[in-house]
Amino acid sequence: MQLQDALWKMPAADQAQAVRGGHISAVELVDSHLDRIAGVNPHVNAVTQLLTERAREAAARTDRRRAAGEMLGPLAGVPFTVKESTPIEGVPTTFGTARFRELVASADAPPVGRLRAAGAIPIGHSNIPTLILAGMHTRSELFGDTVNPWDSSRTPGGSSGGDAVAVATGMAALGLGNDSGGSVRIPAQFCGVAGLKPSTGRFPADHRVLGPDDPGLASQILVTDGPLARSVGDLRLAYEVLAGTDPRDPRAVPVPAYGEALPWPVKVAVVADPGGHGVHPTVRGAIETAADALREAGYDVREVADVPRLDEALEAYSRITVTEFAPTWPVVRGLLGEGGSRYIETAMEQTPPVSADELMKLMGTWLSIRRSWAEFLDTYPLLLGPSFTEPPVEPGLESRDRAGRDRVGAGMRLCSVTSFVGVPGVAVPTGVVDGLPVGVQIVGRAFREDLCLDAAQAIEDRLGVFTPVDPRVGGQAD
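Residue numbering for the sequence shown follows my numbering, beginning at 9 and increasing consecutively.
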């Protein structure tokens with residue numbers, strides 16, 4: 009552990025260890041991040057609601073507890089950002105829209121509470137696409153555009169783009185996003201950090217927006233909260249804290265965070281071009297590089313023909329979600345602001361809602377596809393593939409027109425199908441090509457996040473960590 013560098017540069021695990029050991033104070037650690045935010049955020053616009061005084065007060069409490077001899081948690085003093093759609097007690101949960109500017113949260117969301125209980129300190133909310141629905145690019149009606157720190161002409165991805173940028177630039181050690189089709193993994197790939205989408209039911213959550221009513225079935229099952237970090241080790245630390253149950257979420261199941269060891273070598277299926285719809289040479293190269301790293305680590309890496317039933321799964325995903333969403337669309341459309349509705353409108357034109365009978369049949373299809381994936385992952389416990397099949401694209405491509413939306417939808421297809429079947433995925437960077445980060449994702453069996461993290465760690469051990477990065481607006485990062 010090296011303390012001579014700026015504290016914000018340290019891994020989260022080292023930050024917490026230094027606070028627990030009294031080598032630095034939590035106040036010093038928070039102030040270091042606040043200074044970094046002051047210097048960087050004006051250029052990237054990732055942190056929206058900065059919690060300066062609240063964070064300093066929480067840090068001072070941590071220091072008093074340490075001075076009193078109390079045991080501190082595994083994330084003692086570590087600053088983290090929280091997506092604008094996830095409640096922090098006493099802070100507005102704006103969803104990036106002016107209409108929710110005063111929607112003050114009465115309690116922490118379960119994952120925020122779990123991170124706090126481990127000693128971590130929320131330092132601010134982070135930007136999202138308006139209502140999470142305006143597109144993949146992180147642009148909100150209330151806060152504007154978030155900038156990719158590597159190249160301001162490229163999108164940072166989304167919808168957890170604010171968290172990815174905050175982590176990549178050192179404004180926070182951890183970010184708390186969520187993912188229903190790539191919203192953690194895509195910005196992780198585009199910003200050069202690691203991200204975890206857990207199995208459905210692994211982390212407790214509460215995704216109610218207004219009042220006591222819960223969302224529909226698709227939203228209940230597809231959306232999972234997940235952390236972002238600069239290293240796989242920090243991602244693992246956040247995973248261990250976030251896993252568990254909570255009475256507020258009956259979906260969360262008490263599955264051990266670590267499963268039984270598998271016979272070695274563990275098989276890894278490689279699919280660089282899921283569905284055969286095309287993959288950029290840079291992304292294919294990242295997958296080949298990651299495959300070589302896993303082979304060097306002793307994994308049994310095998311190229312396979314394809315993943316199960318990809319196009320059928322994408323069609324079912326679209327029809328189920330559009331059908332569930334359609335009744336609320338007239339109200340939601342008015343909340344999205346100018347231009348914010350184009351992304352969803354294009355989707356609804358392509359995939360209109362289905363009848364009740366058709367929806368019931370699709371529920372059976374959903375289970376059948378999950379079964380096919382379970383059988384595939386029984387043979388190959390891990391799958392190596394892209395989070396997005398292109399390097400970072402230009403901001404707002406998906407909302408420009410039908411062709412742009414189709415291109416982005418195709419790019420995120422492996423993320424979409426793995427969210428649909430509820431299995432975990434870890435995004436891990438593999439390098440920097442032409443000034444932009446590249447990376448892959450490791451997908452695993454349900455509730456075997458540990459296998460995904462192990463494989464991602466093997467890749468990182470051989471290829472390195474590529475952030476924090478200093479942004480250069482108007483060009484590529486230093």
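All residues carry an ideal CB built from backbone N, CA and C; glycine is no exception. The structure displayed is predicted, hence computed values, not measured ones.
Between the segment 160-169 and the segment 190-198, the count of Cβ pairs shorter than 8 Å is three or higher; the stretches touch.
Between residue 63 and the set 173, 180, 232, the nearest pair of CA atoms involves 180.
Here DSSP, grouped into helix, strand and coil, assigns residue 232 to strand.
Across the structure, residue 396 and residue 45 are spaced so that their CA atoms are roughly 28 Å apart. The beta-carbon distance between residue 84 and residue 127, rounded to whole angstroms, is 4 Å. This is short enough to meet the 8 Å contact definition.
Secondary structure of residue 332 (DSSP, three-state): helix. Taking C-beta separations shorter than 8 Å and ignoring five residues to either side along the sequence, the partners of residue 256 in its chain run 118, 212, 214, following chain order. Cβ-Cβ distances below 6 Å link residue 391 to 277, 451 in the same chain, with the five nearest sequence neighbours on each side left out; the list follows chain order.
Residue 144 is classed as buried because its beta carbon has at least 16 other beta carbons within 10 Å across all chains shown. Counting along the chain, residue 277 sits inside the beta strand (DSSP E) bounded by residues 275-278. Excluding its 5 nearest sequence neighbours in each direction, residue 26 has C-beta neighbours in its own chain below 6 Å: 32, listed in chain order. Of the residues 110, 248, 106, 89, the one whose Cα lies closest to the Cα of residue 99 is 110. By a beta-carbon distance limit of 8 Å, residue 105 does not contact residue 58. Their separation comes to about 19 Å. Taking C-alpha positions only, residue 195 is separated from residue 169 by approximately 5 Å. Note on the segment 153-235: whole beta strand (DSSP E) runs with a minimum of 3 residues are 182-187, 202-205, in chain order. The three-state reading of DSSP puts residue 264 in coil, since its state is none of H, G, I, E or B.
Counting along the chain, the unbroken alpha helix (DSSP H) around residue 416 starts and ends at 410-419.
Contact check for residue 401 against residue 322 fails: the beta carbons are separated by 8 Å or more. DSSP lists 448 as the bridge partner or partners of residue 436. The DSSP-derived three-state label of residue 288 is coil. The beta-carbon separation of residue 459 and residue 243, rounded to 14 Å, does not stay under the 8 Å limit for a contact. Going by DSSP, residue 133 is part of the beta strand (DSSP E) stretching over 129-134. Nearest Cα to residue 348 within the set 409, 142, 370: 142. The Cβ-Cβ distance between residue 325 and residue 407 does not fall below 8 Å.
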